[in-house]
Amino acid sequence: MEYSETIDEILDHYRNPRNYGELADATVRAKDSNPLCGDVIEMFLKVDGGKIVDVRFRGKGCAISQASASMLTERLKGMTLEEARSLDRNYVLDMLGVNLSPVRVKCATLSLKVMKVGVYSYLGSSVKDLEV
Ligand code: FES
């Protein structure tokens with residue numbers, strides 16, 4: 028994909044976020060903010076048989092943080108919890124497809140961090156083992 032198309036895709040996800048909202052029957056819920064700006068992401072996952080069968084997010088923040096969350100929710104549906112837990116920052120940066128400064132990387136990985144905190148605590152792993 029051309030660089031300009033990836034920027035268009037990011038802006039489209041920002042303006043028309045996919046899977047936006049709350050899941051009343053969520054199995055996993057987690058919320059966190061970017062310490063640099065205070066912007067927030069909250070994620071809701073519905074888990075069945077070890078698989079993510081539905082997902083929603085809500086939040087407020089910059090185009091990168093919100094588009095990243097929207098794109099991530101599209102990919103999470105159908106993944107196992109183990110697959111979701113093993114995603115790393117490179118996965119998110121490849122998904123976005125643009126070069127980001129270190130400050131913007133925090134924006135891009137906020138939804139990943141929130142999802143992983145939720146999945147780790149659901150699976151009973153220690154959050155201090157968490158690497159994003
Ligand atoms: Fe706040 Fe990007 S500026 S998450």
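Per the working numbering, the sequence shown starts with residue 28, numbered consecutively. C-beta atoms are modelled at their ideal positions from N, C-alpha and C, and glycine is treated no differently.
Does the Cβ of ILE37 lie closer than 7 Å to at least one heavy atom of the ligand FES?
Between the ligand FES and ILE37, a heavy atom-to-CB distance of less than 7 Å is absent.
Which parts of the region 38 to 82 are runs of the beta strand (DSSP E), unbroken and 3 residues or longer, counting only runs that do not cross its ends?
55 to 60 and 67 to 75, all fully within the region 38 to 82.
Residue(s) in a DSSP beta bridge with THR107:
Per DSSP, LYS78.
Residue from ILE34, GLY145, MET70 and GLU101 with nearest C-alpha to ARG8
The structure shown has nothing for residue 8, since the chain only spans 28 to 159.
Is GLY145 helix, strand or coil when you go by DSSP?
Helix at GLY145.
Report buried or exposed for VAL141, applying the criterion of at least 16 other Cβ atoms within 10 angstroms of its Cβ.
Buried, by the Cβ-count rule.
If you measure from each residue's Cβ to the nearest non-hydrogen atom of the ligand FES, which ones come out under 5 Å, in chain order?
Going by the Cβ distance cut-off, the answer is ASN61, CYS64, ASP66, GLY88, CYS89, SER92 and CYS134.
Span of the alpha helix (DSSP H) around VAL119:
Segment 116 to 123, the alpha helix (DSSP H) holding VAL119.
Which residue's Cα is closest to the Cα of MET70: CYS89, LEU50 and CYS64?
Residue LEU50 is the option with its Cα nearest to MET70.
Could you tell me if PRO44 is buried or exposed, where buried requires 16 or more neighbouring beta carbons within 10 angstroms of its beta carbon?
Counting the other CB atoms within 10 Å of its CB gives PRO44 a total of 16 or more, which places it among the buried residues.
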